[in-house]
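Student: The structure is given below, and queries will be raised subsequently.
In UniProt numbering, the protein residues as written are 1 to 233.
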């Protein structure tokens with residue numbers, strides 16, 4: 001499926017301004033360029049173009065709110081200046097599996113002051129001596145390169161991809177769950193007390209039968225069972 005058609009399908013009768021995430025992975029770019037995405041996607045925060053046959057990002061529009069751009073498994077080898085010009089608030093950039101060979105081709109990324117995470121897995125540039133040291137020196141604003149910081153500490157979920165769930169929200173849900181459990185336990189205790197009270201209704205008051213000789217009496221507390229008596233007058 002070509003990229004323009006895929007964009008139309010992803011919209012699902014929405015206007016571009018309503019879209020915050022746009023995933024176009026594995027569609028096809030007819031000329032190796034970005035197609036169907038315009039400045040109308042003004043609220044877009046995530047754009048994923050994995051394995052779409054890109055050779056250039058020159059046609060990416062100005063997207064001031066875009067924070068995360070996925071461009072892995074394409075054939076891009078340079079031309080990153082446009083990202084610094086049009087994606088001023090970009091924080092995460094994935095260029096893994098592309099054709100970057102030299103550190104110099106990444107130099108335009110210096111103009112992305114918010115860039116926090118950069119991935120270059122399976123790019124030839126990663127084979128250079130002192131690759132990590134050189135990238136951190138070139139891009140001092142970076143916190144993580146290929147998922148690790150300058151001290152080789154792995155990125156946490158909150159700093160990396162994240163799951164979109166706020167920790168306070170998780171704690172609140174946990175507290176609500178505990179409160180529900182306590183309420184359920186109280187209900188069970190209350191039901192047991194009620195059963196004890198009701199059990200008195202099942203007992204036979206022998207004083208009501210002063211002239212009766214009982215040969216055998218079967219009593220059961222179970223409210224679903226009847227009291228059976230064999231009586232001799």
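A virtual CB, placed ideally from N, CA and C, is assigned to each residue, including glycine. These numbers come from a predicted model, not from an experiment.
Which residue wins for smallest C-alpha separation from residue 68, given the options 50, 75, 78?
Tutor: Measuring from the Cα of residue 68, the nearest candidate turns out to be 50.
Student: What did DSSP end up calling residue 28 once you bin it into helix, strand or coil?
Tutor: Reduced to three states, the DSSP call for residue 28 is strand.
Student: Nearest to residue 141 by CA position, among 115, 11, 95, 55, is which residue?
Tutor: With distances taken between Cα atoms, residue 141 lies closest to 115.
Student: List the endpoints of the continuous alpha helix (DSSP H) containing residue 68.
Tutor: First-last for residue 68: 68-70, but that is the beta strand (DSSP E), not the alpha helix (DSSP H).
Student: Three or more C-beta pairs closer than 8 Å, one from the stretch 14-29 and one from the stretch 47-62: is that the case here?
Tutor: Result yes; three or more Cβ-Cβ pairs closer than 8 Å.
Student: Once DSSP output is grouped into helix, strand and coil, what is the label at residue 94?
Tutor: Strand at residue 94.
Student: Can you tell me where the alpha helix (DSSP H) holding residue 23 begins and where it ends?
Tutor: Segment 21-23 is the beta strand (DSSP E) holding residue 23; no alpha helix (DSSP H) there.
Student: What did DSSP end up calling residue 156 once you bin it into helix, strand or coil?
Tutor: It is coil, neither helix nor strand.
Student: Helix, strand or coil for residue 63? Go by DSSP, reduced to three states.
Tutor: Reduced to three states, the DSSP call for residue 63 is coil.
Student: Does the beta-carbon distance from residue 52 to residue 79 come in below 8 Å?
Tutor: Taking 8 Å as the Cβ cut-off, residue 52 and residue 79 do not qualify as a contacting pair.
Student: So within the stretch 67-149, which uninterrupted alpha helix (DSSP H) runs reach at least 4 residues, ignoring any that extend past its ends?
Tutor: 81-86, 131-138, all fully within the stretch 67-149.
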